[in-house]
Structures are given as C-alpha cells and as structure tokens.
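Residue 78 in full-length UniProt numbering is what sits at position 78 of the sequence shown, and the numbering runs on without skipping anything.
Only one structure is covered here, and it is reproduced in the block below.
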Amino acid sequence: KVKLRCSSRKPKNRTRKPAIPERVLRARNRHNNVERTYRTRLKLHFENLLATLQESPAGLNHPGLDISGRSFSRGEVLDAARRRILTLEKVNEQLATGNEQLLKDMVT
C-alpha cells in the first residue's frame with residue numbers, strides 16, 4: 001500500500017521560562033487545537049487524493065518512479081495529480097476534436 005510521508009513530531013528541549021498567564025495558555029491551546037484539526041483534515045484530503053490517483057489508470061505511473069512500498073510527500077502527490085489532470089485535458093481535447101470531425105462527416 002502506498003502512503004503519505006510524514007514528519008516526526010519529537011518534542012524539543014525546553015529551557016525554563018517565566019510563568020505565562022493562564023488566559024494566554026488557554027488561547028495557545030485553542031489555537032494549537034485548531035491547527036491540529038486543520039493539519040489532520042489536510043492530511044486526509046491528501047490521502048484521499050493519493051488513493052484516487054492509485055485507482056486511476058496511469059495515475060502514479062511516471063518514468064523512474066517506483067511506488068512499491070514507499071511513502072509519497074505531499075509535493076509528489078500534487079505533482080502526480082497535476083500530471084493526471086494534464087493527461088485528462090489532453091484526452092478531452094482529442095475526444096472533442098474527434099466529435100467535431102464526426103459531426104462534419106455526418107453533415108457532408
């Protein structure tokens with residue numbers, strides 16, 4: 001299964017700092033929770049995009065890209081999605097041209 005790469009979240013060494021007011025701590029905690037929720041939601045969206053790319057034909061196929069048992073960065077997921085969109089746009093353009101040609105052939 002292919003999955004997203006994630007960064008480690010190791011706590012940093014902290015030195016003793018002066019006491020912070022309780023209201024500031026509550027505000028920080030609320031902000032941290034909002035940010036954590038945002039990161040979780042964003043990660044889910046990237047995982048869904050990666051799963052969609054895996055299911056699509058030639059979604060993650062790119063020369064020199066070995067997908068067996070590796071994690072993808074978010075940038076790689078976005079690059080693969082961009083390539084897939086460009087491919088679909090090209091196919092759509094070819095189909096539209098083919099349809100126009102068929103309509104012209106029917107008229108003549």
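By construction, the Cβ of each residue, glycine as well, lies at the ideal position given by its N, Cα and C atoms.
Note that the coordinates shown come from a computational prediction; the quantities given were computed from them, not determined experimentally.
Can you name, in chain order, every residue of its own chain whose Cβ lies under 7 angstroms from the Cβ of residue 47, other than the five neighbours on each side?
If the five residues before and after residue 47 are omitted, its C-beta is found closer than 7 angstroms to the C-beta atoms of 4, all from its own chain and listed in chain order.
Write down the C-beta distance between residue 2 and residue 83 rounded to the nearest angstrom, noting that I regard them as a contact closer than 8 angstroms.
Contact annotation, residue 2 with residue 83: C-beta distance approximately 16 angstroms; criterion of less than 8 angstroms not satisfied.
Residue 72 and residue 42 closer than 8 angstroms at C-beta:
No, Cβ-Cβ distance for residue 72 and residue 42 is not below 8 angstroms.
Start and end residues, alpha helix (DSSP H) containing residue 43
From DSSP, the alpha helix (DSSP H) with residue 43 extends over 22 to 55.
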